[in-house]
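J.: Residue numbers (full-length UniProt numbering), protein chains in the order written: chain Z, 1 to 385; chain R, 1 to 385; chain V, 1 to 385; chain C, 1 to 385.
Where is the CB? At the ideal position from N, CA and C, for every residue including glycine.
4 protein chains.
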Amino acid sequence: MQRKLRMGMIGGGKDAFIGAVHRLAANMDGLIELTAGALSVNPEVGYESGKMLFLPDNRIYKNYEEMLHAESKLPADEKIDFVTIVTPNFAHFAPAMLALDLGFNVVIEKPMTLTLEEAKQLDTKVKETGLTLCLTHTYSGYPMVKQAKQMISEGVLGEVRKIIVEYPQGWLSTLSEREGNAQAAWRTDPSKTGKSGSMGDIGTHAAHLAEYISGLKINKICADLSIVVPGRAIDDDGNVLLKFDNGSNGVLIASQVAAGEENALKIKIYGEKGGLEWHQMEPNTLIVKWLNQPAQIYRTGNGYIGSFAKHNTRTPGGHPEGYLEAFANIYRNFALTIDAKLNNQKPTDEMLDFPNTEDGIRGMAFIENVVNSSNSDQKWWDYKI
Amino acid sequence: MQRKLRMGMIGGGKDAFIGAVHRLAANMDGLIELTAGALSVNPEVGYESGKMLFLPDNRIYKNYEEMLHAESKLPADEKIDFVTIVTPNFAHFAPAMLALDLGFNVVIEKPMTLTLEEAKQLDTKVKETGLTLCLTHTYSGYPMVKQAKQMISEGVLGEVRKIIVEYPQGWLSTLSEREGNAQAAWRTDPSKTGKSGSMGDIGTHAAHLAEYISGLKINKICADLSIVVPGRAIDDDGNVLLKFDNGSNGVLIASQVAAGEENALKIKIYGEKGGLEWHQMEPNTLIVKWLNQPAQIYRTGNGYIGSFAKHNTRTPGGHPEGYLEAFANIYRNFALTIDAKLNNQKPTDEMLDFPNTEDGIRGMAFIENVVNSSNSDQKWWDYKI
Amino acid sequence: MQRKLRMGMIGGGKDAFIGAVHRLAANMDGLIELTAGALSVNPEVGYESGKMLFLPDNRIYKNYEEMLHAESKLPADEKIDFVTIVTPNFAHFAPAMLALDLGFNVVIEKPMTLTLEEAKQLDTKVKETGLTLCLTHTYSGYPMVKQAKQMISEGVLGEVRKIIVEYPQGWLSTLSEREGNAQAAWRTDPSKTGKSGSMGDIGTHAAHLAEYISGLKINKICADLSIVVPGRAIDDDGNVLLKFDNGSNGVLIASQVAAGEENALKIKIYGEKGGLEWHQMEPNTLIVKWLNQPAQIYRTGNGYIGSFAKHNTRTPGGHPEGYLEAFANIYRNFALTIDAKLNNQKPTDEMLDFPNTEDGIRGMAFIENVVNSSNSDQKWWDYKI
Amino acid sequence: MQRKLRMGMIGGGKDAFIGAVHRLAANMDGLIELTAGALSVNPEVGYESGKMLFLPDNRIYKNYEEMLHAESKLPADEKIDFVTIVTPNFAHFAPAMLALDLGFNVVIEKPMTLTLEEAKQLDTKVKETGLTLCLTHTYSGYPMVKQAKQMISEGVLGEVRKIIVEYPQGWLSTLSEREGNAQAAWRTDPSKTGKSGSMGDIGTHAAHLAEYISGLKINKICADLSIVVPGRAIDDDGNVLLKFDNGSNGVLIASQVAAGEENALKIKIYGEKGGLEWHQMEPNTLIVKWLNQPAQIYRTGNGYIGSFAKHNTRTPGGHPEGYLEAFANIYRNFALTIDAKLNNQKPTDEMLDFPNTEDGIRGMAFIENVVNSSNSDQKWWDYKI
């Protein structure tokens, strides 16, 4: 790269959780600089947040429309290269569409939109504009997730037969949305979070992980969503039986009321010859199990690791990378792709390996199908997209 | 106890897997001696097996009928106190009924019978005779399983909200029943194993464990059984959504084609205040998770452990007990109960804590309901017993 | 075997810890029966203990001399085949010598004697009599310990370069010998336990494990023993630098005041090509690490396991065996060896793989050398035997 | 902070390992910008490296002298605030002294200098100038290390009794310094790395960690350094017995030839009431063991965590932070301290919690004392500083 890319941020004011994570991830590799921001629906909070992030006054905007229009008129060597949208789910679509219309590439927090319909429109817009949209399904940024995907695609497990993915969290075990927890408040409000709570917030991650690693697509489900905590307005827990397009079966469990769990996303994939197991909370380890040989412990940063994991690792074996590095991998690959396109080069497969609108459509489809399946008395629900 | 109890074994000749396990478990505490045997359908194998076990010639029988009738005529201070039935599933019911009719207590390998109907008849017979029947759901014999049960019954987790129990094995990942594996042969033959393969062999253990620890009863299910290995005659894999009688939900996964897995039974139970996690392959540890406090690592053999776990532990903390000790706990409690009854004493709750015909009925009901649910297009299947 | 071997026990009355463990181990495989006992220095306790173990009155003896003399006069098909000595350390030597003199084989709890000199005399006596003596260094009975030994002897690690063995316990963190803890009382009394507390009780296990697995011999040490708990009469903690006879180095740590530890014996052995790691508290797993390949998880009961581990395993993979099974392996191999000798057959290498007087001498030498080294200002202490 | 701090880097050109790590750590929080660099002794490599890092031509310097003199003449709102020295050990002292003389704060990779004498001079210079020097002992930047320190300082373990710290790596298991491995080459060359290989490179980290967490100081040692790989010019392995200033004992093990190990730094500290265990490769977990209660699993990002760990954490529980975040904590605290001083404010205790010249002196003293002890026949070597 010749220069750092310039980022404008929509949402992510002080005290927001995921906005800060995006900045940490974007900062890490020194390829991106935060240049502009419309950081809050409250202009005062937005200004204060911008100052804390060392933005000059003239790059702190009152709202995203102002930012996008103003930045679009700046000279090419000043204006932002892309926007990052880290608002609650309901406020993803409009700024993303406007950004694309005005020629900006887009990073967007998952789930991509509030509805499947919006997701499809966004996909169409991306294809029309030729711009790049990156969806931050963080967990696919981990090197050992990429290692798992690469090993399966190379056939080391044979045909995939079964996938178990579980994502238990405990942070909504009480009615914290009524106790002043702002994160809980919007994430349990259907008007802001969408049709499902547990499945929108974390189930989509689990579904994405299963499809990303296995290379398969879910095509039938049988879902059971629950409101476990009395008084909550939206599901906080769900269990889903899965069928994949190669005929294999699976289970997806997502819960926000698994008391005592932190963020315990785990996946196990079994094939004809062996199985893989990965735990997000110990992300640098991938256990590979074999039918008649000892299981193996694959670890990031070692010489035997494949090209995709290697491209997404910064440190030698035993120097643990974590969630922020996984997130940074997505930003780095996005940045390298943008840079390649700016320079009329073809991005490598490794660079292009970040979630995009197709993943976003599948994520929204997952939410809608799971909700519909859960509401149905029919056992198997054919996936509709 | 005044003397060792005398055991007669039905099945379990040389090369049988589970018969050897029963003998190890019965031997361990020195409370039981193997006194007689009808160890094989093949009398030569039976005789040879008896000699290897140091049985005198006159206590090695050609078949179970011969043994039960002959033993019933021996003097009280010579004849066996109980029989252990370790034949394949289809050959549990008849010897158990005859043994009870002739006045012998019974230990029986799970699943208790071939059908639910047989299970009910056996239960009736036990109640009529006043004799004791013990069903060897091994995993409920582990001290930390009992600790989990005791903690939940004492309310430390509050109301139970969610149960995830998974039981992956990989030993049937190939069509080994066609390659001379005798264990695989009968366990995949519906005439010998019953209506379900994966659910009869291991799913019943998982269901028993969930109900045993939680104190809840499954009352609705949605099951998806599969024959994963082409050419197999019976399911080797299944995923089941669960509803319990307190309204909580759960998932049960049992697979014999999870390539690379050994015997990886795990259970997680979440309540209002925290959660419990137990892994059979590291059985001396129970992780107890809390909403706002550090998780705790409960370990067998420590002073802070409850009365049930304590009663079922032989060694101090850090001296691992395993599968055979869990099995031996069931035999020991059965023996202590028999002894108490022989001496007109009331067994303690700890002694009585072994699976019985009620568990056997629930196990057979589980199999039948899961098969019926799997065959149905209806989403939720009401448990029928 | 044609019949069970008959065991006479010296020590191990009710409430004794290690005597009960020996009985569980001897019982398990059904190859040994407890036939006689001199179970306590207190004849009343001895009698009561014998009755609890279902011994007939005429085989419950007042003391070991009475038992050994009486048994030696019984007919061959009645008298005991061997004695097991489970008294405190100071009371090992005399009964062992008498038993050998009267023609009985011997099992003896470690450390073998009170002094190195006694150990040498016992070794001489064993060689003179041609009888078999078995020393219960339990940890060498674990299958994965045997697997480690076999792999190293086959050269998979190349030359061994470094050994780290640590054995932390916490049970003597307070002055419990003054609070009525009988185990603590004799084990911290130099007249009963010998010259060292921590090294006699657990350091010898660690040293034996290191030499057993590696096939190397310690030949230089630098020891630092401490009395950590004020008021204690003997060391409760020690750290030792090691040199082995191939020039490699090592560290041995044994502590009884590592508060919060149970029985956390661990060993790591590094060679030119890789390393091995084994933890006693998760004994069915052996981690094998490689220079440029993923580490492997060797597990008991799998097909890829070597002949020694296989011979010492009762259950399939994933059915955990533990401390009692490791102990039972020592008894079983001892019994198979005795039986082979009784039948003028040559025991296999696998049968003979139990600790003997040579290990006992090395154990006592370890204690004496460590104490001498600790008392010396000289850095390296040449091992004297 | 009002603005980002400006960093000049000495060393760390392309292909250098630790320079890249420093940049990632400095970038992450958006508080520091790389403004200038003298990135290589080879000016061409330095220029190319500077361009890859987007430095303007006039801030890419040929050598550190040029950079420091030129920057010192720039206006206050342009010139760098501090330099980061990431050269091999022998090239730390001179640039650090010049930087301080010219008024720049300093970050310096460990070990601080080549000799203890240099360390003392640097400490004197820092005190004379009133500037801030930060030594990057990375591992003290981990939140759970800080949690351990805070818990011990608050007395939860009672008096500390024993410390076991081990740091096994395997990367020097072969003579890779002769095979073109540049990292191996300088780290095994005494003229560039200093008096000890294993102890300078990793033993100092282990010693720092032990003293940092426990609050104790090593005051006596007995060291055994080895050259394990034939042909190597400097020790690659060492074992050290420790005595601390409160009379407690310990063991420190550092090895670069522990084949198959990555970067497996672990520490266990035992006190009167319990113990702590932390593993660098799973850094978000701190196990706290208790005498008579279940062990606890402390985890980063939870509400029950102390002020120091909290200040050094960016993500909620279950979103793992790693090595780079630990490193970034050191940079952030250094930056916050510099900023506070620039604004005549008093840094908080949390901000000031990064290693400084006192740690640097102790690190160099550790190396020299260990080497001297290893060369001595005397058992205990009194620490000399």
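#1: Counting C-beta neighbours from all protein chains within 10 Å, is the total for K217(Z) 16 or more, i.e. buried, or is it exposed?
#2: Using a Cβ-Cβ cut-off of less than 8 Å, list which residues of the region 291-317 of chain R approach chain C; keep chain order.
#3: Would you check if the region 224-231 of chain R and the region 125-132 of chain R touch, i.e. whether three or more CB-CB distances between them fall below 8 Å?
#4: Pick from I60(R), P56(R), L31(R): whose alpha carbon is nearest that of V45(R)?
#5: Spell out the partners DSSP gives T285(C) in its beta bridges.
#6: Residue ranges of each beta strand (DSSP E) run of no fewer than 3 residues wholly in the region 186-268 of chain C, ordered along the chain?
#7: Which two residues bound the contiguous beta strand (DSSP E) that contains V83(V)?
#8: For L291(V), tell me which candidate among G271(V), L265(V), G247(V) has the shortest Cα-Cα distance.
#9: Using alpha carbons as the reference points, say which of T138(C), R6(C), P43(C) lies closest to Q280(C).
#10: Would you report the Cα separation of F244(Z) and D359(Z), rounded to the nearest angstrom?
#11: Are there 16 or more other CB atoms within 10 angstroms of the CB of D236(V), so buried, or fewer, so exposed?
#12: Assign R3(R) to one of three DSSP states: helix, strand, or coil.
#13: Chain C partners of G260(V), CB-CB under 7 Å?
#14: Between D29(V) and chain C, is the shortest Cβ-Cβ distance under 7 Å, so that the two count as touching?
#15: Using 8 Å as the Cβ pair cut-off and three pairs as the minimum, do the region 197-214 of chain Z and the region 244-254 of chain Z touch?
#16: Contact check, S49(R) vs V160(R) under 8 Å by CB: the rounded distance?
#17: Taking C-beta to C-beta, are V107(R) and T84(R) nearer than 7 Å?
#18: Using CA atoms only, rank isn't needed, just tell me which of P168(Z), M67(Z), I80(Z) is closest to E33(Z).
#19: Does any CB atom of chain C fall closer than 7 Å to the CB of D377(V)?
#20: Could you give the residue range of the beta strand (DSSP E) that holds L68(V)?
#21: Could you name the residues of chain C that R161(V) contacts, counting a contact when the two beta carbons are closer than 7 Å?
#22: Do you know whose CA, among I10(Z), D339(Z), F54(Z), lies nearest E65(Z)'s CA?
#23: Look up R314(Z) in the DSSP assignment and say whether it is helix, strand or coil.
#24: Taking only runs that begin and end inside the region 90-178 of chain V, name each unbroken beta strand (DSSP E) of 3 or more residues, in chain order.
#25: Between the alpha carbons of R314(V) and Y383(R), how many angstroms are there, rounded?
#26: Determine the direct distance from the alpha carbon of G306(V) to that of C134(R), and round the result to whole angstroms.
#27: E78(Z) to D101(Z), Cα distance in whole Å?
#28: Give the residues from the region 319-352 of chain C that approach chain Z closer than 8 Å (Cβ to any Cβ), ordered along the chain.
#29: I'd like the list of long-range same chain contacts for N329(R), defined as Cβ closer than 7 Å, with 5 residues on each side in sequence excluded.
#30: For M351(Z), write down the residues that DSSP places opposite it in a beta bridge.
#31: Check whether the region 317-329 of chain Z and the region 315-326 of chain C are in contact - that is, three or more C-beta pairs closer than 8 Å.
#32: Can you give, in chain order, each stretch of the beta strand (DSSP E) that sits fully within the region 6-45 of chain Z and has at least 3 residues?
#33: For M52(V), I'd like the list of residues in its chain whose CB is within less than 7 Å of its CB, leaving aside the five on either flank, ordered along the chain.
#34: Residues in its own chain within less than 7 Å of residue 392(Z) by CB, not counting five upstream and five downstream?
#35: Please determine, among I221(C), L24(C), K379(C), the residue with the shortest C-alpha to C-alpha distance to E368(C).
#36: DSSP on G360(C), reduced to helix/strand/coil?
T.: Answer, in terms of the structure:
#1: Within the first sequence, numbered from 1, the residue matching residue 217(Z) stands at position 217. Exposed, by the Cβ-count rule.
#2: N292, Q293, P294, A295, Q296, I297, Y298, R299, N302, G303, Y304
#3: no
#4: Reading the second sequence from its first residue, position 45 is the one you call residue 45(R). Considering only alpha carbons, the answer is I60(R).
#5: In the fourth sequence, the residue the question calls residue 285(C) occupies position 285. T285(C) is bridged to R299(C).
#6: 218-226, 237-244, 249-255
#7: Position 83 of the third sequence, counted from the start, is the residue given in the question as residue 83(V). Start and end: 82-85.
#8: Residue numbering aside, residue 291(V) sits at position 291 when the third sequence is read from its first letter. When each option's Cα is compared against that of L291(V), the closest is G271(V).
#9: Looking up residue 280(C) in the fourth sequence gives position 280. By alpha-carbon distance to Q280(C), the top candidate from T138(C), R6(C), P43(C) is T138(C).
#10: Here the question's residue 244(Z) lines up with position 244 in the first sequence. Here the question's residue 359(Z) lines up with position 359 in the first sequence. Roughly 16 Å between the two C-alpha positions.
#11: For this step, residue 236(V) is matched to residue 236 along the third sequence. By the 10 Å Cβ count, D236(V) comes out buried.
#12: Working through the second sequence from its first residue, we reach residue 3(R) at position 3. Residue state, collapsed to three classes: coil.
#13: Stepping through the third sequence from its first residue, residue 260(V) is reached at position 260. Residues of chain C passing the Cβ test: G274, G275, K289, W290, L291, A295.
#14: For the purposes of this step, residue 29(V) is taken as the residue at position 29 of the third sequence. No, D29(V) does not count as interfacial toward chain C.
#15: yes
#16: Here residue 49(R) corresponds to residue number 49 of the second sequence, with the count starting at 1. Here residue 160(R) corresponds to residue number 160 of the second sequence, with the count starting at 1. About 45 Å; that fails the 8 Å criterion.
#17: Locating residue 107(R) in the second sequence gives position 107, counting from the first residue. Locating residue 84(R) in the second sequence gives position 84, counting from the first residue. Taking 7 Å as the Cβ cut-off, V107(R) and T84(R) qualify as a contacting pair.
#18: Counting from one through the first sequence, the residue named residue 33(Z) turns up at place 33. Measuring from the Cα of E33(Z), the nearest candidate turns out to be I80(Z).
#19: The residue given as residue 377(V) occupies position 377 in the third sequence. Chain C, which has a Cβ nearer than 7 Å to the Cβ of D377(V), makes this yes.
#20: Within the third sequence, numbered from 1, the residue matching residue 68(V) stands at position 68. No beta strand (DSSP E) holds L68(V); the alpha helix (DSSP H) holding it covers 64-72.
#21: By one-based count along the third sequence, residue 161(V) stands at place 161. What R161(V) touches in chain C: V228, V257.
#22: Sequence index remark: in the first sequence, residue 65(Z) carries index 65 (1-based). It is I10(Z) whose Cα lies nearest to the Cα of E65(Z).
#23: Here residue 314(Z) refers to the residue found at position 314 when the first sequence is read from its first residue. Coil.
#24: 105-108, 133-135, 160-168
#25: Here the question's residue 314(V) lines up with position 314 in the third sequence. Here the question's residue 383(R) lines up with position 383 in the second sequence. Taking the straight line joining both Cα atoms gives about 38 Å.
#26: For the purposes of this step, residue 134(R) is taken as the residue at position 134 of the second sequence. For the purposes of this step, residue 306(V) is taken as the residue at position 306 of the third sequence. Those two C-alpha atoms are separated by around 37 Å.
#27: On the first sequence, residue 78(Z) is found 78 positions in, with the first residue counted as 1. On the first sequence, residue 101(Z) is found 101 positions in, with the first residue counted as 1. Taking the straight line joining both Cα atoms gives about 19 Å.
#28: So the close ones are H319, P320, E321, G322, Y323, L324, E325.
#29: One-based indexing of the second sequence puts residue 329(R) at position 329. Around N329(R): G141, N312.
#30: Locating residue 351(Z) in the first sequence gives position 351, counting from the first residue. Looking at the DSSP output, M351(Z) sits in no beta bridge, so it has no partner there.
#31: Because the criterion of three Cβ pairs below 8 Å is met, the region 317-329 of chain Z and the region 315-326 of chain C touch.
#32: 32-38
#33: Here residue 52(V) refers to the residue found at position 52 of the third sequence. Result list for M52(V): K14, in chain order.
#34: With chain Z covering only 1 through 385, there is no way to say anything about residue 392(Z).
#35: Along the fourth sequence, read from residue 1 onward, the residue named residue 368(C) stands at position 368. A check of alpha carbon separations from E368(C) across I221(C), L24(C), K379(C) identifies I221(C) as the nearest.
#36: Translated into the one-based positions of the fourth sequence, residue 360(C) becomes position 360. Three-state result, G360(C): helix.
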